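Numbering (this note's numbering), first residue to last: 9 to 206. Ideal Cβ positions, reconstructed from N, Cα and C, are used throughout, including at glycine. Note that the coordinates shown come from a computational prediction; the quantities given were computed from them, not determined experimentally. Structure, as structure tokens:
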Amino acid sequence: MSKIKNYPPLPPKFFQRDTLELVPEILGKVLVRKIRGKMLSGRIVEIEAYIGNDPASHAANGMTERNKVMFEDGGLSYVYFTYGMHFCFNIVTGKKGFPAALLVRALEPLDGIEVMKKFRGTDVITNLTNGPAKLCQAMKIDRKLNGVKLDCKNFFIADDGFVVGKKDIECSTRIGIKVGTDKEWRFFLRGNEFVSKR
DNA sequence: TTATGGATCTTCT
DNA sequence: GAAGATCCATAAA
């Protein structure tokens, strides 16, 4: 059993920095979600950056009802609905007024694996959270968590002491987009079997 | 093993 | 009306 519950949430201030600078800090951290008395958690092993007027970002053309959370201070949760049936979870980064976020694409399941299996309807561990919409389903992340602060008791990011070396981080172009493909803003842990494949 | 279509919300044209 | 920061079941090869 892990000892994540002994580690306090990272404060919102932690996320109010340059987005790309945060990337190596976020990789390896633990996303914790408490629901109905159960604790679900997973180590963040894959993220993508969406910054400013980057053409691939939802915020590329200014603020809308959906993306307005991206303009808030770092440390908030941005959850959006896409393709008619899927939720994706982002960590808002940087300062208020500048739209930036890190899309969490994959987790390595730690606690509450049995609950995740139930939510996902599969027994295959590597298929629980290896995709942005999958991890939301596994952790029951939905619209209600859009815009919440990530230091509340039921939903936060924690540091359990796991160390990620610079050499363990690999980068590539982002996935599932048609513009902004010149930027290598997808980051993942080298060789981790929970990274979404493509 | 790779390809295709369905699900059907939100935004922009 | 069309496309999208997706996933999965099913079909073809």
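Item	Value
Is GLU122 helix, strand or coil by DSSP?	helix
Tell me, please, which residues DSSP counts as bridged to LYS103.	Answer by DSSP bridge pairing: none, since LYS103 is not bridged.
For ARG182, which of helix, strand or coil comes out of DSSP?	coil
When you compare only the Cα positions, how much space is there between ILE185 and ALA64?	7 Å
Could you tell me whether the Cβ atoms of LYS142 and ARG128 are closer together than 8 Å?	yes
Could you say which of VAL132, ILE59, GLY155 lies nearest to ARG194 if we only look at CA atoms?	ILE59
Are the CB atoms of GLY83 and PHE22 within a distance shorter than 8 Å?	yes
With a 10 Å radius around its C-beta and 16 neighbouring C-beta atoms as the bar for buried, classify LYS11 as buried or exposed.	Summary for LYS11: the model assigns pLDDT 49, below 50, so the residue's position carries little reliability; its value from the coordinates is reported in the next sentence. The residue is exposed, with fewer than 16 neighbouring Cβ atoms inside 10 Å.
Rounded to the nearest angstrom, what separates MET147 and GLY50 at their Cα positions?	9 Å
So the candidates are VAL87, LEU30, GLY139, PRO117; which of them puts its Cα closest to the Cα of SER204?	GLY139
Take CYS144 and list the residues in its own chain whose beta-carbon comes closer than 8 Å to its own, dropping the five residues that flank it on each side.	VAL87, HIS94, PHE95, CYS96, PHE97, ASP150
Excluding the five sequence neighbours on either side, which residues of its own chain have a C-beta within less than 6 Å of the C-beta of SER85, listed in chain order?	LEU153, VAL156, LEU158
List the DSSP bridge partners of ARG194.	GLU56, SER180
DSSP three-state label for LYS11, please.	Residue placement at LYS11 is flagged as unreliable, the pLDDT there being 49, under the threshold of 50; a coordinate-derived value is accordingly withheld.
When the Cα atoms are used, what is the spatial distance from ARG113 to ILE133?	16 Å
What is the residue span of the beta strand (DSSP E) that ALA64 lies within?	Looking at the DSSP string, ALA64 is not in any beta strand (DSSP E), and its letter there is neither H nor E.
Whole beta strand (DSSP E) runs in the segment 134-166 with 3 or more residues, listed along the chain?	163-166
Grab me the residues of TYR15's own chain with a C-beta within less than 7 Å of its C-beta, minus the 5 sequence neighbours each way, in chain order.	ALA166, ASP167, ASP168
With distances taken from CA atoms, which of VAL100, ASP81, GLU54, LYS125 is nearest ARG198?	GLU54
According to DSSP, simplified to helix, strand and coil, what is LEU35?	coil
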